[in-house]
Structures are given as C-alpha cells and as structure tokens.
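In this note's numbering, the protein residues as written are 603 to 791.
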C-alpha cells in the first residue's frame, strides 16, 4: 500500500471526504427520513409494540435502543481507543466500525415491526448506530496524525463543511424519492 506523507493534499482530502460520507447517516437515519419511516410503520401497527418480552409504547422503543447504544459506545470507546493507541491499529478499528455501520444500514432496508422480526430490525438499527459513533472516535483521532498543527483548523472545517454538503445533497434526493417515487421507478400501486 502506498505510504502517503503527512499533510499531503490527497490524504487531507480523503479525511474530509470521510465526513462527506458519514455525516449523511446522522441527517438521514438519525434525524429525518428513518424516524418518519419508523413512525409510519408504527402508525399502521398501533401504538404498542412487544419486544424482548416487554410491551413498549411504539415511539419509545427506538429511543430506548438509541440510548442503550450510546451507553455501549460510551463504555467501549475508551477501552477500544486505548487498545488501538497501544497496539497502533486505529485503522483496523475505524474500518471495523465502518463495516458494522454499513451492514446495519443495509439491514435497515428490511426493517419490519412485526413481532417475529422486530428483534432483527432493532439489531440492524443498533449496528448502524454502533458503527457510526464507534468509527467517529477513530476518525477524529486521525487529524493530528495526518495534518500539521497549522493545517488542522482548516482541514477540520473542510471535513465539517463537506459533511454538511453531503448530508444536504442526500436529504434532497431522499425527499424527492419520498415525494415523487415515480421519478425513481418505484411503483407504489
């Protein structure tokens, strides 16, 4: 594999474009499209759902899974980042969390609130959150490794702005898909 020099344009652009790609998760899955989709599924199913042997208010269940995921990430991040720093394999952990998050997002395609499938659906949602938040620990830790101190503010701002641009572009596409599905070849009849 090519060894790219610290501060190189190629390396800094790659770091910024990671934010371009990962920030769409927060806007699309965590705050806009998926919550509406989840609410619509539950509107059709009623206001209660049973999962793990407990009856939940349907809108609360996803919040409980989200809160549990944040507790897991808060517990494991210091441990795993310490291991990564000690062993020197941040890249492995970043890729691992990226893959877990990607698989979780792919699995959301089959999200189903029926009693026999809700557990798998929530597992995919959990995986997406774990992957996203877990990868950010390593992504953010790379900045001092790839950019010189005088570059870090500019590169951080570039990553932040690329994240917003990527998120808004995908949100526009998602909203068009929801509002005009026929433009994308979806037949809802």
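Ideal Cβ placement from N, Cα and C applies to all residues, glycine included.
CA nearest to the CA of residue 758, picked from 773, 680, 620, 790
Checked all of 773, 680, 620, 790; the closest Cα to residue 758 is 620.
### Message
Taking 8 Å as the limit between beta carbons, can you name the residues of its chain near residue 772, skipping five residues before and five after?
### Response
Contacts found: 626, 629, 630.
Review point. Residue 657 and residue 727: beta carbons closer than 8 Å?
Key: Cβ distance not < 8 Å, so residue 657 and residue 727 don't count as in contact.
**Asked** Quick one, are the C-beta atoms of residue 729 and residue 745 less than 8 Å apart?
**Response** No, the Cβ-Cβ distance between residue 729 and residue 745 is not below 8 Å.
* Same chain, Cβ closer than 8 Å to residue 770, five either side skipped, listed in chain order -> For residue 770, same chain residues with a beta-carbon under 8 Å away, outside a window of 5 residues either side, are 629 in chain order.
Might you give, ordered along the chain, the residues of its own chain that have their beta carbon closer than 6 Å to the beta carbon of residue 699, omitting 5 neighbours on each side? Only 733, 736, 737 meet the Cβ criterion.
* Using a threshold of 8 Å, state whether the C-beta atoms of residue 622 and residue 765 are closer than that. => Between residue 622 and residue 765, the gap from beta carbon to beta carbon is short of 8 Å.
The stretch 677 to 685 / the stretch 745 to 755 touching (three or more Cβ pairs under 8 Å): Too few Cβ pairs lie closer than 8 Å, so no.
### Query
If residue 710 and residue 636 are in contact, beta carbons under 8 Å, what's the gap, nearest whole angstrom?
About 7 Å separates the two Cβ atoms, so the contact holds.
* Asked: Which residue comes first and which comes last in the beta strand (DSSP E) that contains residue 658?
  -> Under the DSSP assignment, residue 658 falls in the beta strand (DSSP E) whose first and last residues are 656 to 659.
* Asked: Going by the CB atoms, is the gap between residue 740 and residue 696 shorter than 8 Å?
  -> Yes. Within cutoff.
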